[in-house]
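Right, one structure below, let's go through it.
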Amino acid sequence: TIMLRTALRRSACFRAPVLGTLPARTVSHTSKRSQESEAHIVAAPAVVKKDGILGKIQKKLGLSGDSQTKLRFSSYILYESVVDRLDYIAFFKTFNLPNTFNSWFLVTELHVWMILVRAMAEGAEKGENGRFLRNCLVEAMWGDVKMRAKKLDPSNPTGTRKHIEMFSQQFQAALINYDEGLMGDDMVLAGALWRRFFEKECPNYEMLELLVKYVREHIKMLDSLSFQNFIQKPQIVWKDFMLQK
1 TIMLRTALRR
11 SACFRAPVLG
21 TLPARTVSHT
31 SKRSQESEAH
41 IVAAPAVVKK
51 DGILGKIQKK
61 LGLSGDSQTK
71 LRFSSYILYE
81 SVVDRLDYIA
91 FFKTFNLPNT
101 FNSWFLVTEL
111 HVWMILVRAM
121 AEGAEKGENG
131 RFLRNCLVEA
141 MWGDVKMRAK
151 KLDPSNPTGT
161 RKHIEMFSQQ
171 FQAALINYDE
181 GLMGDDMVLA
191 GALWRRFFEK
201 ECPNYEMLEL
211 LVKYVREHIK
221 MLDSLSFQNF
231 IQKPQIVWKD
241 FMLQK
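Each residue of the sequence shown is one higher than the one before, starting from 1 at the first, in full-length UniProt numbering.
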């Protein structure tokens, strides 16, 4: 795919992605969800120029050459396992989410976070592989978000940029929120999902209970994957959440 070919030409994933934008009509600034339906696209992130000093540091950390290339390749495979294999429409219907860009991002964000949790397990004993993989995965996500958003509203770059910046702040807060939820019991995790995924507007507790179970089972599934099945040859299969009932 275009994303993978672009990924293999990239030098490093340590730099923050260049933030794009989101049309003002696609993001709600209040707790009220928008009911507007929108199109979605897939595109590659921007190219980052390699830094000589950074390259030396990466070499010492074991992230240069084939190792770095494989990790970058894996990060795009992992990201595409989310955006290409998830049934977003089914998610929207099951959890009463409007078919908007904001809803797409919430679903994507949740699954990317679950992969990030697993990625960080590849850190201490394997140099900085886990952190490098995490950064590449996040960069792939923002590159995709930027291109999708630009296509949704190409005539309003300023407004779109502001909304992407807002998404970036929300994403950082969501990672902390979900991490705390994961470390707690189901009630704590439910609270985290209610605040972020449902944006404090969950119509009934059955939906919340279903999503808690879905997250727990997938975190367990990802944790059980070997290094080979997670990084060398990613084999992530997202279960049909309807089977979680």
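Yeah, the Cβ is synthetic: ideal placement off N, Cα and C, and Gly gets one too.
Thr100: which of Tyr205, Glu209, Leu152 sits nearest, CA to CA?
The residue with the shortest Cα to Cα distance from Thr100 is Leu152.
What's the call for residue 263, buried or exposed, on a 16-neighbour Cβ count within 10 Å?
The chain is shown from 1 up to 245; residue 263 falls before or after that span and cannot be answered.
Less than 6 Å between C-beta atoms, sequence neighbours within five positions excluded: which residues of the same chain meet that for Leu116?
The answer, listed in chain order, is Arg134.
Counting only runs of 4+ residues fully inside the UniProt domain "Ubiquinol-cytochrome c chaperone" (94–234), write out the alpha helix (DSSP H) ranges in chain order.
The UniProt domain "Ubiquinol-cytochrome c chaperone" (94–234) contains these whole alpha helix (DSSP H) runs: 101–119, 129–152, 157–183, 186–195, 205–224.
Once DSSP output is grouped into helix, strand and coil, what is the label at Ile236?
Three-state DSSP puts Ile236 in coil, outside helix and strand.
Assuming Arg148 contacts Ala174 under a Cβ cut-off of 8 Å, what Cβ separation, rounded to an integer in Å, is found between them?
With a Cβ gap of about 18 Å, Arg148 and Ala174 do not count as contacting.
Identify which residue in Phe132, Met141, Tyr76, Met183 has its Cα closest to the Cα of Phe167.
Closest option to Phe167, Cα to Cα, is Met141.
Go through its chain and collect everything with a Cβ distance to His218's Cβ below 6 Å, but skip five positions before and after it.
If we look at His218 and ignore the five residues flanking it on each side, its Cβ neighbours are Met114.
Here's the rule I'm using: 16 or more other beta-carbon atoms within 10 Å means buried, otherwise exposed. How should Ser224 be labelled?
By the 10 Å Cβ count, Ser224 comes out exposed.
Thinking C-beta only, is Ala190 closer than 7 Å to Tyr178?
No, the pair does not count as a contact, with Cβ atoms beyond the cut-off.
By alpha-carbon positions, which one of Asn229, Ile77, Asn96 ends up nearest to Cys202?
When only C-alpha atoms are compared, the closest one is Asn96.
Taking the alpha-carbon of Met221 as reference, which of Gln228, Arg118, Pro154, Pro157 has the nearest alpha-carbon?
Answer by Cα proximity: Arg118.
Under a Cβ-count criterion, where at least 16 other Cβ atoms within 10 Å of its own Cβ denotes burial, should Lys146 be classed as buried or exposed?
Lys146 is buried by the Cβ-count criterion.
Looking at Val82: is its Cβ nearer than 7 Å to the Cβ of His111?
Against a cut-off of 7 Å, the Cβ pair of His111 and Val82 comes out as a contact.
According to DSSP, is Pro45 helix, strand or coil?
Only weak support is given to the placement of Pro45: the predicted model assigns it a pLDDT of 41, under 50, and the question is left unresolved by the model.
Is Arg85 helix, strand or coil when you go by DSSP?
Looking at Arg85 - three-state DSSP - the assignment turns out to be coil, as it is neither helix nor strand.
Buried or exposed: which applies to Glu206, given that a residue is buried once 16 or more other Cβ atoms fall within 10 Å of its Cβ?
Its Cβ having fewer than 16 others within 10 Å, Glu206 is exposed.
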